[in-house]
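Numbering that gives the first Met the number 0 puts the first residue of the sequence shown at 0, with every later residue one more than the last.
The C-beta atom is built at its ideal place from N, Cα and C for all residues, glycine as well.
All figures in this text were calculated on a predicted structure; none of them were measured in a lab.
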Amino acid sequence: MIHRTDPAWQVLSWQQQLADAFTDPESLIRYLELEIALLPAARSAHRKFNMLVPRWFAGRMEKGNPDDPLLRQVLPLGDELELKDDFLLDPVCDLEQAPVPGLLHKYHGRVLLITTGGCAINCRYCFRRHYPYTDSTIGGERLSAVLAYLKQNPDISEVILSGGDPLMLPDHRLAELGASLETIPHIRRLRLHTRLPVVLPNRVTPQLVHWLATTKLQTVVVLHANHARELSHRHRLALAPLIASGVTLLNQSVLLKGVNDNLQRLCDLSEQLISVGVLPYYIHQLDKVAGASHFEVADAAALNLHRQMSARLPGYLVPRLVREQVGAPSKIPL
Ligand SMILES: *Cc1c(COP(=O)(O)O)cnc(C)c1O
Ligand code: SF4
Numbered sequence: 000m001i002h003r004t005d006p007a008w009q010v011l012s013w014q015q016q017l018a019d020a021f022t023d024p025e026s027l028i029r030y031l032e033l034e035i036a037l038l039p040a041a042r043s044a045h046r047k048f049n050m051l052v053p054r055w056f057a058g059r060m061e062k063g064n065p066d067d068p069l070l071r072q073v074l075p076l077g078d079e080l081e082l083k084d085d086f087l088l089d090p091v092c093d094l095e096q097a098p099v100p101g102l103l104h105k106y107h108g109r110v111l112l113i114t115t116g117g118c119a120i121n122c123r124y125c126f127r128r129h130y131p132y133t134d135s136t137i138g139g140e141r142l143s144a145v146l147a148y149l150k151q152n153p154d155i156s157e158v159i160l161s162g163g164d165p166l167m168l169p170d171h172r173l174a175e176l177g178a179s180l181e182t183i184p185h186i187r188r189l190r191l192h193t194r195l196p197v198v199l200p201n202r203v204t205p206q207l208v209h210w211l212a213t214t215k216l217q218t219v220v221v222l223h224a225n226h227a228r229e230l231s232h233r234h235r236l237a238l239a240p241l242i243a244s245g246v247t248l249l250n251q252s253v254l255l256k257g258v259n260d261n262l263q264r265l266c267d268l269s270e271q272l273i274s275v276g277v278l279p280y281y282i283h284q285l286d287k288v289a290g291a292s293h294f295e296v297a298d299a300a301a302l303n304l305h306r307q308m309s310a311r312l313p314g315y316l317v318p319r320l321v322r323e324q325v326g327a328p329s330k331i332p333l
């Protein structure tokens, strides 16, 4: 048996690491040497939306600190059970905007595909925490309807693979999907929205790099990190082959109370991103999803932080501060 402190554990495949993730609050609380008094509330919130935390990500948290900014993103809390009228189950009304199940066409020229419901980590603030994935992914039979829609709409030039997390799919499935998209002449760009390489950098496998390096489509990968400590030298090494293959790497984050709602942390995140080869793209105001109200940062405070960031950093390290607004033709700058 491979012991978790053994260097051999580092070479487990990403699938093995996923299978080995923390899935119950008690084991995470014990591993981090936190007060066991946190447990009853954690259990109640976990029943509404399962806790899921890869050990590698937990290994970057500070032991004994219940306010650790990485921990706060993933530990179920009693706060989640507090209901507020303006925090909804489907805050961005995605379910009403799918012309074909699993395909969202909200903005000009690009569509978003829900490739899978799975993620490597369950983020407590996730706006899809209540999403009925089983009815809404492009799996199996539905793919042909998606491809037909794309063929009929020649002004779509970009396809975004999202989810859940598209990198939960095995590499051969991604390559098959990519090959189908390549046959549609007006599709020029393929974008992936993923948090997986952040929480498990060895998800960037040679097969994934090969696919992205050889597809005819231009490729953009948008990562999701919220705090500088989520990124390390290990990520620089993992992402380097993607950069060498011509993939454009961007990051989006969510502005989260207690995680990154201060100037120093936001500046550190941008600096850390560029040091691993990634440019900041968006910082989102929280979508008002039921169970996440304790993460909310008021608009005035968000704008103030953004202004201060602009005064500190070069322009290319300042992400656009946006929010999702139902019915709008794009993400809306604050
Ligand atoms: C956010 C989003 C996009 C991407 O928007 P960009 O501004 O191009 O990054 C595309 N489609 C849907 C449905 C989205 O929610
Ligand atoms: S990885 Fe993304 S989709 Fe998955 S739970 Fe986190 S925020 Fe939601």
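Expected contact under 8 Å - CB spacing of residue i and residue j to nearest Å
i    : j    : result
S156 : R188 : 6 Å
M50  : P24  : 5 Å
V335 : I159 : Only positions 0 to 333 of the chain appear in the structure, and residue 335 is not among them; the question remains open.
C92  : V325 : 5 Å
P332 : R311 : Actually they are not in contact, since the Cβ atoms of P332 and R311 sit about 19 Å apart, beyond 8 Å.
Y148 : L102 : 6 Å
A40  : G77  : 3 Å
L249 : M308 : About 17 Å; that fails the 8 Å criterion.
L31  : L70  : 7 Å
D170 : Q217 : Not a contact, Cβ separation roughly 19 Å.
L180 : T114 : At roughly 12 Å, the Cβ-Cβ gap does not stay under 8 Å, so L180 and T114 are not in contact.
Per-residue burial, residue i [other beta carbons within 10 Å of its own, 16 or more giving buried]
i    : result
I35  : exposed
Q151 : exposed
S12  : exposed
K105 : buried
G177 : buried
R306 : exposed
L112 : buried
L254 : buried
S269 : buried
For residue i, the first and last residue of its enclosing beta strand (DSSP E)
i    : result
E81  : Careful: E81 lies outside any beta strand (DSSP E) and carries neither H nor E.
S156 : Counting along the chain, S156 falls outside any beta strand (DSSP E), and DSSP gives it neither H nor E.
T193 : 188-193
Check: residue i C-beta below 7 Å from any heavy atom of ligand 1
i    : result
L336 : Because the chain spans 0 through 333 in this model, residue 336 falls outside it and cannot be assessed.
I113 : no
K287 : no
L320 : no
K256 : no
L191 : no
L37  : no
K47  : no
I282 : no
R109 : yes
S329 : yes
L103 : yes
Where the alpha helix (DSSP H) through residue i begins and ends
i    : result
N303 : 298-311
S43  : 38-47
Proximity below 8 Å, CB of residue i to CB of residue j
i    : j    : result
V198 : L238 : no
G116 : T136 : yes
R322 : H283 : yes
G211 : L166 : It should be pointed out that residue 211 corresponds to Leu in this sequence rather than to Gly. For L211 and L166, no; Cβs fall outside 8 Å.
D267 : V296 : no
L230 : V288 : no
R190 : V145 : no
S252 : A291 : no
L74  : L17  : no
L351 : P65  : Past the boundaries of the shown model lies residue 351; the chain is included only from 0 to 333, so the question cannot be answered.
V221 : Y280 : yes
L241 : V208 : yes
E81  : A44  : no
D56  : R128 : Reading off the sequence shown, one finds Phe at residue 56, where the question assumed Asp. No, Cβ-Cβ distance for F56 and R128 is not below 8 Å.
R141 : P100 : yes
Contact test: residue i Cβ vs ligand 4 heavy atom, cutoff 7 Å
i    : result
Y106 : For the structure depicted, ligand 4 is absent and the ligand set comprises only ligand 1 and ligand 2.
Distance cut-off 7 Å: residue i Cβ against heavy atoms of ligand 2
i    : result
R344 : Look at the range of the chain in this structure, 0 to 333, and you will see that residue 344 is not part of it.
D84  : no
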